[in-house]
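Q:
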Amino acid sequence: MPSDEDVFWMRRALRLTNRVKTHPSPGVGAVVVKAGKLISEGWTYSTPKVHAEAMALRLAGERARGATLYTTLEPCSHWQRPDGSERTPCTHHCTQAGIVRVVAATLDSNPQVSGEGFAQLEAAGVALTVGVCEEQAKEAHRAFLKHQRTGMPYVTHKAAMTLDGKLAASHAAPLAITSEPARRAVHRLRAKSDAVIVGVGTVLADDPELTVRLVRGTSPTPVIFDSMLRTPQSAKLNRPGTLILTCQQATASQGWDAELITLPADESGRVSVAVALAVLAERGLLDVLLESGGALAAAFHAALAVDRCLFFLAPKLIGGAHAPTPLDGPGLPTLIALESLRVRRYGPDIALEGKLLR
Ligand code: AOF
Ligand code: ZN
Numbered sequence: 245m246p247s248d249e250d251v252f253w254m255r256r257a258l259r260l261t262n263r264v265k266t267h268p269s270p271g272v273g274a275v276v277v278k279a280g281k282l283i284s285e286g287w288t289y290s291t292p293k294v295h296a297e298a299m300a301l302r303l304a305g306e307r308a309r310g311a312t313l314y315t316t317l318e319p320c321s322h323w324q325r326p327d328g329s330e331r332t333p334c335t336h337h338c339t340q341a342g343i344v345r346v347v348a349a350t351l352d353s354n355p356q357v358s359g360e361g362f363a364q365l366e367a368a369g370v371a372l373t374v375g376v377c378e379e380q381a382k383e384a385h386r387a388f389l390k391h392q393r394t395g396m397p398y399v400t401h402k403a404a405m406t407l408d409g410k411l412a413a414s415h416a417a418p419l420a421i422t423s424e425p426a427r428r429a430v431h432r433l434r435a436k437s438d439a440v441i442v443g444v445g446t447v448l449a450d451d452p453e454l455t456v457r458l459v460r461g462t463s464p465t466p467v468i469f470d471s472m473l474r475t476p477q478s479a480k481l482n483r484p485g486t487l488i489l490t491c492q493q494a495t496a497s498q499g500w501d502a503e504l505i506t507l508p509a510d511e512s513g514r515v516s517v518a519v520a521l522a523v524l525a526e527r528g529l530l531d532v533l534l535e536s537g538g539a540l541a542a543a544f545h546a547a548l549a550v551d552r553c554l555f556f557l558a559p560k561l562i563g564g565a566h567a568p569t570p571l572d573g574p575g576l577p578t579l580i581a582l583e584s585l586r587v588r589r590y591g592p593d594i595a596l597e598g599k600l601l602r
């Protein structure tokens, strides 16, 4: 059992995770503590690239001598980047700074580091405690860890629906289903996501912007699944930064501000979910939010590509057999069960979050 003190400081480090978007690097949190007092804090920075431990140790300076460093991930140990360029590992920063004890929440699954970071610290005589708040750290670094394990991004399927499970009324102009607090929660989620995915059907029906507007934060990369290239060039999403994944040869690239990526079609003639997700992962888009309608969402679930569902339920009813629902397509398993359920209230609405059993 970890001590109360170790849990206290690790929770503080966990609050520093994912401060800014850093993928494909994980957004680690670190704190330096001496004699029960906080000396400094650090978190992974993307531009310029600075690791959490390095930032905390730089801020601590001489005060790090004899101190304990808490970090949400095993300190890195490698001297070379994949492109061969030199870097200084956090293990070296720790020993140079005079850290006498490192408390880490979990192992880094990057094969360049995994276990080697701890081994280097131990060899240098640094005391080690591993596994404090491990579950929370695995949750905080879930996109990085999944990508290391599978090469694929972590996918959250978000949908907003009425109590009877309808996304909209059929043949009607788009209706506001959820309340302002629920919509703000979605914008917070977008601000944490690397990419947000919709199908061309949503673009044609709603002409969405998919930006972060209701809260502060950076907008994710919009991604449109558009096998036949039906996105109108006048769509709000035809802007620099948007990715359009299509099976069409992008010869008519004139007039496109969005980037067109031509991918092979699957058996149904559509962009393959697995191929598309591998392309996103290659671009460092590891935490992705699926905000599509039922057809594309069904294709994602059929490809077993979804890790988490977050469904907002508004106390409203639409009724009928034809109004669109969040999952509507072939190839779905008979029953999809969710675990680790969390329930939250947003004004009059309820949000249900659960992970898929894998
Ligand atoms: C740490 N602290 O804050 C992070 C770590 O490309 P680089 O040089 O940033 O190295 C990335 C690798 O370092 C990444 O794959 C992961 O193994 C680890 N990330 N490690 O000690 C940090 N972000
Ligand atoms: Zn590092």
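Here this note's numbering = 1-based position in the sequence shown + 244. Beta carbons: idealized from backbone N, C-alpha and C, even for Gly. Every value quoted in this text rests on a predicted model; they were computed, and no experiment measured them.
Are the CB atoms of G286 and A296 within a distance shorter than 7 Å?
A: Cβ distance < 7 Å, so A296 and G286 count as in contact.
Q: For the alpha helix (DSSP H) holding C320, just list the boundary residues, first then last.
A: Premise fails: C320 is in no alpha helix (DSSP H) and is neither H nor E.
Q: What do you reckon, are the CB atoms on A542 and V517 nearer than 7 Å?
A: No; because the gap between Cβ atoms is not below 7 Å, this pair is not in contact.
Q: What does DSSP give as the partner residues of H545 in its beta bridges?
A: BP columns for H545 are empty, so no partner.
Q: Considering only DSSP beta bridges, list what C553 is partnered with.
A: C553 is bridged to H401 and G598.
Q: Please report the straight-line C-alpha distance between A348 and L481, rounded to a whole angstrom.
A: If you take the alpha carbons of A348 and L481, they lie about 42 Å apart.
Q: So for D248, helix, strand or coil by DSSP?
A: Here D248 sits in helix by DSSP.
Q: Note the first and the last residue of the continuous beta strand (DSSP E) segment covering V294.
A: Here V294 belongs to no beta strand (DSSP E), and DSSP marks it neither H nor E.
Q: Could you check if C338 belongs to the surroundings of the ligand ZN, using beta carbon to heavy atom distance under 6 Å?
A: Incorrect: C338 has no Cβ contact closer than 6 Å to the ligand ZN.
Q: Measuring alpha carbon to alpha carbon, tell me which residue in P570, E503, D408 and W500 is nearest C553.
A: Of the listed residues, the one whose Cα sits closest to C553 is P570.
Q: So which residues touch the region around the ligand HEM, with touch meaning a C-beta under 6 Å from any heavy atom?
A: Questions concerning the ligand HEM fall outside what the structure shown contains, since the ligands it does hold are the ligand AOF and the ligand ZN.
Q: According to the neighbour-count rule (16 or more other Cβ atoms, all chains shown, within 10 Å of its Cβ), is W323 buried or exposed?
A: Exposed, because fewer than 16 other Cβ atoms sit within 10 Å of the Cβ of W323.
Q: Can you check DSSP and say which residues form a bridge with L487?
A: Note: L487 sits in a beta bridge opposite V467 and E503.
Q: Measuring straight from C-alpha to C-alpha, what distance separates V272 and L507?
A: Taking the straight line joining both Cα atoms gives about 34 Å.
Q: Please tell me whether I488 and D470 are closer than 7 Å, where the distance is taken between their beta carbons.
A: Against a cut-off of 7 Å, the Cβ pair of D470 and I488 comes out as a contact.
Q: Measure the Cβ-Cβ separation of V532 and V447 and say whether it is below 7 Å.
A: No, the Cβ-Cβ distance between V532 and V447 is not below 7 Å.
Q: Nearest CA to the CA of P319: which residue from R345, L529 and G328?
A: Here the closest residue by C-alpha is R345.
Q: Kindly identify the DSSP beta-bridge partner or partners of S284.
A: BP columns for S284 point to V276.
Q: Measure the Cβ-Cβ separation of G409 and G537 and say whether it is below 7 Å.
A: No, the pair does not count as a contact, with Cβ atoms beyond the cut-off.
Q: If you reduce the DSSP assignment to three classes, tell me which class Q392 lands in.
A: Looking at Q392 - three-state DSSP - the assignment turns out to be helix.
Q: Determine the contact status of A439 and L529, defining contact as a CB-CB distance below 7 Å.
A: Against a cut-off of 7 Å, the Cβ pair of L529 and A439 comes out as a contact.
Q: Here's a check: name, in chain order, each residue in its chain whose Cβ is nearer than 7 Å to the Cβ of G499, leaving out the five neighbours to either side.
A: Correct list, in chain order: Q477.
Q: Please state whether DSSP places T569 in a helix, a strand or coil.
A: T569: coil per DSSP, three-state reduction.
Q: Can you tell which of V515, L596 and L601 has the C-alpha that lies nearest to the C-alpha of L548?
A: When only C-alpha atoms are compared, the closest one is L601.
Q: By DSSP, does V374 sit in helix, in strand, or in coil?
A: Three-state DSSP puts V374 in a strand.
Q: On the DSSP bridge list, what partners appear for I441?
A: Note: I441 sits in a beta bridge opposite V467 and L534.
Q: Taking the straight line between their C-alpha atoms, what separation do you get for P574 and I580?
A: P574 and I580: Cα-Cα distance of roughly 14 Å.
Q: Could you pull the DSSP bridge partners for R586 from this structure?
A: Per DSSP, E597.
Q: For L458, I'd like the list of residues in its chain whose CB is within less than 7 Å of its CB, leaving aside the five on either flank, ordered along the chain.
A: Excluding positions up to five away in sequence, the list reads R427, R428 and H431.
Q: May I ask which residues mark the beginning and end of the beta strand (DSSP E) holding V346?
A: Unbroken beta strand (DSSP E) run through V346: R345 to A348.
Q: Select from I562, G591, R263 and M245 the residue whose C-alpha is nearest the C-alpha of P418.
A: Comparing Cα-Cα distances from P418 to each of I562, G591, R263 and M245, the minimum goes to I562.
Q: Do P464 and R434 have their beta-carbon atoms positioned less than 7 Å apart in this structure?
A: For R434 and P464, yes; Cβs fall inside 7 Å.
Q: Report the rounded CA-to-CA distance for P333 versus A384, giving the unit in angstroms.
A: Going by the C-alpha atoms only, they are around 22 Å apart.
Q: Along the chain, where does the alpha helix (DSSP H) that runs through L419 open and close?
A: Run containing L419: none; DSSP gives neither H nor E here.
Q: Pick out whichever of T406, T335, H566 and S358 has its Cα sitting closest to the Cα of R393.
A: Considering only alpha carbons, the answer is S358.
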